[in-house]
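Enquirer:
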Amino acid sequence: MAPPHRARHRRVPAPRRRRDPPAGHRQPPRRRPRPAAPRQPHLVLALRRDPARPARRRRRRPRTPRRPPRPRPPRPARRSLADRPRQRRRTRRGPAAAVHPRVAATPMALLRTEYLLRGVPAVPDEVLVEIVEEVLLPLVRGRGAPAEGPGGKPVAGGCGPRACSTVVDEDTVRYAPADTGRGALERGRGAGYVWALREREAGREAVLDCLRRDTRYDRQSDARHDYLAQLVGALALPLDPLRQLLDSEDQHAHERGDQILAALALTGSVEAREALRQYVRHGRWWQGVLDTLAERCPAPWWDDLAEVALRRLDGAEPEYPSGEPWLRWRELLPEPPRPRPVRRDRPAASDTARLLAVLADGGSHPGERSAAVAALARRPPVPELLPLVPELYTTTPAELGERGLPWLGRAVERLGVAALADARGWALSSRPWLSGLGLSVLARHGEEDDLPLLLAELEREWADRVWCGPDWLADGLARFGPAAAGAAPALHRFWAQTPHSYERPAYLRALTAIRPGGAGAELTESLWDCEYRARLFAVEHAPDGPELRSRLAELRDSPVEPEDVRAAAARRLGGGNG
Numbered sequence: 001m002a003p004p005h006r007a008r009h010r011r012v013p014a015p016r017r018r019r020d021p022p023a024g025h026r027q028p029p030r031r032r033p034r035p036a037a038p039r040q041p042h043l044v045l046a047l048r049r050d051p052a053r054p055a056r057r058r059r060r061r062p063r064t065p066r067r068p069p070r071p072r073p074p075r076p077a078r079r080s081l082a083d084r085p086r087q088r089r090r091t092r093r094g095p096a097a098a099v100h101p102r103v104a105a106t107p108m109a110l111l112r113t114e115y116l117l118r119g120v121p122a123v124p125d126e127v128l129v130e131i132v133e134e135v136l137l138p139l140v141r142g143r144g145a146p147a148e149g150p151g152g153k154p155v156a157g158g159c160g161p162r163a164c165s166t167v168v169d170e171d172t173v174r175y176a177p178a179d180t181g182r183g184a185l186e187r188g189r190g191a192g193y194v195w196a197l198r199e200r201e202a203g204r205e206a207v208l209d210c211l212r213r214d215t216r217y218d219r220q221s222d223a224r225h226d227y228l229a230q231l232v233g234a235l236a237l238p239l240d241p242l243r244q245l246l247d248s249e250d251q252h253a254h255e256r257g258d259q260i261l262a263a264l265a266l267t268g269s270v271e272a273r274e275a276l277r278q279y280v281r282h283g284r285w286w287q288g289v290l291d292t293l294a295e296r297c298p299a300p301w302w303d304d305l306a307e308v309a310l311r312r313l314d315g316a317e318p319e320y321p322s323g324e325p326w327l328r329w330r331e332l333l334p335e336p337p338r339p340r341p342v343r344r345d346r347p348a349a350s351d352t353a354r355l356l357a358v359l360a361d362g363g364s365h366p367g368e369r370s371a372a373v374a375a376l377a378r379r380p381p382v383p384e385l386l387p388l389v390p391e392l393y394t395t396t397p398a399e400l401g402e403r404g405l406p407w408l409g410r411a412v413e414r415l416g417v418a419a420l421a422d423a424r425g426w427a428l429s430s431r432p433w434l435s436g437l438g439l440s441v442l443a444r445h446g447e448e449d450d451l452p453l454l455l456a457e458l459e460r461e462w463a464d465r466v467w468c469g470p471d472w473l474a475d476g477l478a479r480f481g482p483a484a485a486g487a488a489p490a491l492h493r494f495w496a497q498t499p500h501s502y503e504r505p506a507y508l509r510a511l512t513a514i515r516p517g518g519a520g521a522e523l524t525e526s527l528w529d530c531e532y533r534a535r536l537f538a539v540e541h542a543p544d545g546p547e548l549r550s551r552l553a554e555l556r557d558s559p560v561e562p563e564d565v566r567a568a569a570a571r572r573l574g575g576g577n578g
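full-length UniProt numbering puts the first residue of the sequence shown at 1, with every later residue one more than the last.
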């Protein structure tokens, strides 16, 4: 009810008057409302309800107190790399090891996924195939990825400047001075080999220490297995340390023991051969040891292990069914694996002008720019790329700093001498990746006027003790011959002191080219070097001397040496140094 003081002023609406219809108008009949449809019950309730019984109202249960949550069991700790199933890494001896097509096909899918995650909608298959063949498959085969050298130039063999992925920690691995016998032995030099045979007591202790701790600077590319195996045999050392390495839970230690024992078996050690055969019967990583036996040793040494291997497989597929010994035993496998061909669909190549437009557009996606550079790296030289090079860099991830796009070095390398004028300007840049790219072009195609820049870079790398990478610079200086004589002292220091033995053959070649006839001492010592490329070069170029012919005979008859070293030694013994 409204308040009294407002009720007086309230307007009351007058009743509405009903108007009569005009004459002759026929009013339509009223429509009756349709009866409402009966409400359908829930399907599940309708199925459960008996129509003969009336529906009852469900009683509500009293709420019970909530139970406390059960404590979850602790999450198991993540397994370390040593506890995970071993991924066998093959050594590079002779022809490349066979890879199962399933392994060969997998990186393609991984690369597509990676590019999609980075926002690149499509990458040409020709680019993916090159990345798989030259980067990923060498990793699977154990040869190491062709790391990028200066300016992104891929370096064969798995090593580039500051690019070794398996470099040891120099704070934990200490090297003796390089001018001592022990220091030369730790670096794998020929002087260390000769010293260990001459000073047998000290040599035995030093060799055992090298067996206990890995003195390789880069486990992926540095060679020590055959070097140490021959010293173990020559010094008559016990094989107990090698058995401990073979049974180790550390994968790298196990592989060292595996390879050294295989080399010892080749030299005639029955004890080493039986240690490997016994490990195949009972060891954890038995398939890797069986692969080593099949790869390096004659078939009668391992062919009788087929029954043991099949029993241990227990119906599973071998890790590498397309390599030995499984090719020899393929009829014994329950279901011989059928290799699937790798599909390589190569769509029509993009227009070069379109790729250059993507690179010139500063707002294009980094993934698109990388794909464009990779596509240009597979094509004939594109001189229009040169003005764009200083802006073709990436800063992702940020902790790696600014660096050139992948495959940029390969694309510039195809230009050859045409890139020389621009490279001289890049070499003076304060940006490390651009300076390295320019220096790499000067090292391959430069003239004598460019020598001061190359010599300054070599001295800078020596001052910084850059062990991983100066080999490309040494190969470039070797082109100039005696005109680069000013580089000889630094090259000799690198040759004598580097712990990265993989690069020592490059320094040896450069010293021989720069000082014709003056590198006799280095060549003679390299006949015992741990790197077979150094031994091969020394066999072909070492000066005649009292030790040469006896050492050549040893290399020719050694079952451990690669075929090319034995053939070169036989040629040198048969027809001189011709």
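Built from N, CA and C at the ideal position, the CB exists for glycine as well.
1. Per DSSP, what kind of secondary structure is Asp544 in: helix, strand or coil?
2. Is DSSP giving Arg403 helix, strand or coil here?
3. Could you tell me whether the segment 295 to 308 touches the segment 260 to 268, where touching means 3 or more Cβ pairs closer than 8 Å?
4. Which residues does DSSP pair with Thr512 in a beta bridge?
5. Return the chain-ordered list of same chain residues with a C-beta closer than 6 Å to the C-beta of Ala538, the five sequence neighbours on each side being excluded.
6. Which ranges would you report for the alpha helix (DSSP H) in the segment 437 to 504 if only whole runs of at least 4 residues count?
7. In the DSSP assignment, what are the bridge partners of Thr394?
8. Which residue's Cα is closest to the Cα of Arg187: Leu208, Tyr217, Glu199?
9. Is Asp218 helix, strand or coil by DSSP?
10. Hey, how far is the Cα of Tyr532 from the Cα of Gly192?
11. Flag this pair as yes or no: are the beta carbons of Gly469 and Ile514 separated by less than 8 Å?
12. Where do the ends of the alpha helix (DSSP H) carrying Arg369 lie?
13. Over what stretch of residues does the alpha helix (DSSP H) that includes Ala175 continue unbroken?
14. Cα-Cα, which of Glu448, Leu388, Trp407, Leu455 is closest to Asp422?
15. How about Thr512 and His541: do their beta carbons lie closer than 8 Å?
16. Take Leu420 as the anchor and find which of Glu271, Asp449, Pro406, Ala570 has the nearest alpha-carbon.
17. For Gly545, which option in Glu249, Asp529, Arg572, Trp407 has the closest C-alpha, if you only look at C-alpha atoms?
18. Mapping the DSSP letters down to three states, classify Ser248 as helix, strand or coil.
19. DSSP three-state label for Tyr320, please.
20. Counting only the same chain and skipping the five closest in sequence on each side, list residues whose C-beta sits under 7 Å from that of Gly486.
21. Round the Cβ separation of Asp258 and Gly288 to the nearest angstrom and send it over; I've been treating them as touching at under 8 Å.
22. Using DSSP with H/G/I as helix, E/B as strand and the rest coil, what is Val560?
23. Quick check on DSSP: helix, strand or coil for Cys210?
24. Check whether the Cβ atoms of Ala357 and Pro381 lie closer than 8 Å to each other.
25. State buried or exposed for Arg504, treating a residue as buried only when at least 16 other CB atoms are found within 10 Å of its CB.
26. Classify His282 as buried or exposed, calling it buried when 16 or more other Cβ atoms lie within 10 Å of its own Cβ.
27. According to the neighbour-count rule (16 or more other Cβ atoms, all chains shown, within 10 Å of its Cβ), is Asp529 buried or exposed?
28. Can you tell me the Cα-Cα spacing of Ala463 and Glu457, whole angstroms?
29. Under the assumption that Ala374 contacts Pro406 (Cβ atoms under 8 Å), give the Cβ distance between them as a whole number of angstroms.
30. Out of Ser440, Gly476, Leu552, Trp495, state which residue places its alpha-carbon closest to the alpha-carbon of Arg424.
31. Please list the segments of the beta strand (DSSP E) lying wholly inside the segment 231 to 305, counting only runs of 3 or more residues, in order along the chain.
32. How would you call Pro238, buried or exposed, if buried means at least 16 neighbouring beta carbons within 10 angstroms?
33. Using the Cα positions of Leu327 and Asp291, report the straight-line distance between them to the nearest angstrom.
34. Going by C-alpha distance, which of Phe494, Leu434, Ala568, Trp472 is nearest Ala178?
35. According to the neighbour-count rule (16 or more other Cβ atoms, all chains shown, within 10 Å of its Cβ), is Leu400 buried or exposed?
36. Count Cβ pairs between the segment 246 to 253 and the segment 220 to 230 that sit closer than 8 Å; are there 3 or more?
Expert: Well, looking at it:
1. coil
2. strand
3. yes
4. Paired residue(s): none; Thr512 is not in a bridge.
5. Leu523, Ser526, Leu527
6. 451 to 463, 471 to 478, 488 to 497
7. Arg403
8. Tyr217
9. strand
10. 16 Å
11. no
12. 366 to 376
13. The residue asked about is misnamed: residue 175 is Tyr in this sequence, not Ala. First-last for Tyr175: undefined, no H or E at that position.
14. Leu388
15. yes
16. Asp449
17. Arg572
18. coil
19. coil
20. Leu455
21. 7 Å
22. coil
23. helix
24. no
25. buried
26. exposed
27. buried
28. 10 Å
29. 7 Å
30. Ser440
31. none
32. exposed
33. 11 Å
34. Phe494
35. exposed
36. no
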